[in-house]
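Oh and the sequence shown: position 12 is 12 in this note's numbering, straight run, nothing missing.
Structure, as structure tokens:
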Amino acid sequence: PDASKVNVILDSGCGTGKSSVILGEMYPNCVVIGVDQSIARLSRNKSYQQSDDSEETDSKKDKSVHTDIQENNSNNQDTNQNDNVLLLRAELSDFWKCCLSSTQWQERASIYKHFLLYPNPYPKKSRLKSRFYAHPAFPLLMMTIMMDNDTSDGDVLSTEEDKLVVRSNWEGYLNEFKSAVGIWQDCGGTFSEWKKTYLESDIPDPADGWHPTNESPVKFESSGPNRMDTIIKDDPSLLPMTNFEAKYLESGESIYELNTSVVRSTES
């Protein structure tokens, strides 16, 4: 972790926040920010304080496709007893864009890890563009794990080995996600280039029409998808990260994890 900044772990699409609480216990020296667009899900966590009653009505109208994480049907309320966990109601692409465009964030915070746990896989072909890796917000997701490294000095980045962690019970989804990471790398593009376009353009929302033009100085290395169900079952210290994961483990269903790390290209 970067000792000069607040090290942040993003738990995007955190649902009830159970995974955020567990991550807070796993990484006590980091601040865990769990983000979900659903007040109904977040309100199941006793630590979440609803600041505006009207937001519940608004959330029913907010159906942004790429933040639709599988709904947690458990009636149990998760309790956050950690002071390093913050749960927020926000639309993911807007939250990511705020992080990427905020000078204060970049000066004070560093994204140590980014978790996407059991995103809605939208198995029907007609919903392909609703999947994270096929959605227009995918570049924003990728830049959250390269924004700190984009301005780093030196050829080798001192980065956490697993910068982006995605889990799913559908191995094919993670294989396609892995391919999308490779395509993004081949397309190039840098965070600093995106930010310059975003901040200097007179267009109301220029980032939506941004496309990479320069070769990226960082490379991505993905490992997996790897089976996780057997590992979790064999290690009593590992808890199910979400209620969905607990359900899959109980029913004997396979679950998988895809890890992506970031390294700086040594090519001149």
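Glycine included, every Cβ here is placed at the ideal spot set by N, Cα and C.
Remember, it's a predicted structure, so these values are computed and weren't measured experimentally.
Tell me, please, which residues DSSP counts as bridged to residue i.
i, result
"I33", "L10 and L86"
"Y256", "S168 and R227"
"A109", "V6"
"V262", "F220"
"H135", "Answer by DSSP bridge pairing: none, since H135 is not bridged."
"F115", "D11 and V165"
Output yes or no for whether 7 Å exceeds the beta carbon distance between residue i and residue j.
i, j, result
"W96", "L140", "yes"
"V32", "L23", "yes"
"L100", "M142", "no"
"L117", "R167", "yes"
Given residue i, which residues of its chain have a CB within under 6 Å of its CB, disregarding the five upstream and five downstream residues?
i, result
"N7", "P1, C30, S110 and Y112"
"L238", "I232"
"F138", "none"
"G34", "D11, C14, G17, S20 and L87"
Compute the Euclidean distance between the alpha carbons of residue i and residue j, then round it to the nearest angstrom.
i, j, result
"P121", "S12", "15 Å"
"G15", "F244", "10 Å"
"I145", "K163", "6 Å"
"S20", "L88", "11 Å"
"E71", "P236", "Bear in mind that the predicted position of E71 carries a pLDDT of just 41, short of 50, making it unreliable; the figure below should be weighed with that in mind. The straight-line gap from Cα to Cα measures roughly 26 Å."
"D36", "R44", "12 Å"
"H114", "I9", "6 Å"
"S93", "S222", "23 Å"
"R127", "S4", "42 Å"
"M147", "F191", "6 Å"
"S38", "P123", "22 Å"
"S102", "G252", "44 Å"
"N73", "D234", "Here N73 scores only 34 on pLDDT, less than 50, and its place in the model should not be relied on; the value that follows carries that caveat. Straight-line Cα distance between these residues: approximately 26 Å."
"W105", "A40", "28 Å"
"R108", "C98", "14 Å"
"P240", "G172", "21 Å"
"D229", "A246", "10 Å"
"V165", "G182", "15 Å"
"K125", "P119", "16 Å"
"T242", "E193", "36 Å"
What residue range is occupied by the uninterrupted alpha helix (DSSP H) comprising residue i?
i, result
"C139", "In the sequence as presented, Cys is not what sits at residue 139; that position holds Pro. Note, P139: alpha helix (DSSP H), F138 to T144."
"Y248", "N243 to S251"
"S26", "It is worth fixing the name first, because residue 26 is Met in this sequence and not Ser. From DSSP, the alpha helix (DSSP H) with M26 extends over K18 to M26."
"L128", "Counting along the chain, L128 falls outside any alpha helix (DSSP H), and DSSP gives it neither H nor E."
"L100", "L92 to S101"
Quick one: does residue i have its CB under 7 Å from some CB of chain D?
i, result
"S261", "Looking for chain D here will not work: only one protein chain is present."
So, at 8 Å on beta carbons, what are the nonlocal neighbours of residue i in its own chain, with the 5 sequence-adjacent residues on each side left out?
i, result
"G224", "L174, K178, Y256, E257, L258 and N259"
Which residue marks the beginning of the beta strand (DSSP E) containing residue i, and which one marks its end?
i, result
"I39", "Premise fails: I39 lies in the alpha helix (DSSP H), I39 to L42, not in any beta strand (DSSP E)."
Between residue i and the rest of its own chain, which residues show a CB-CB distance below 7 Å, the 5 nearest in sequence each way excluded?
i, result
"R227", "S254 and Y256"
"Y133", "E176, F177 and A180"
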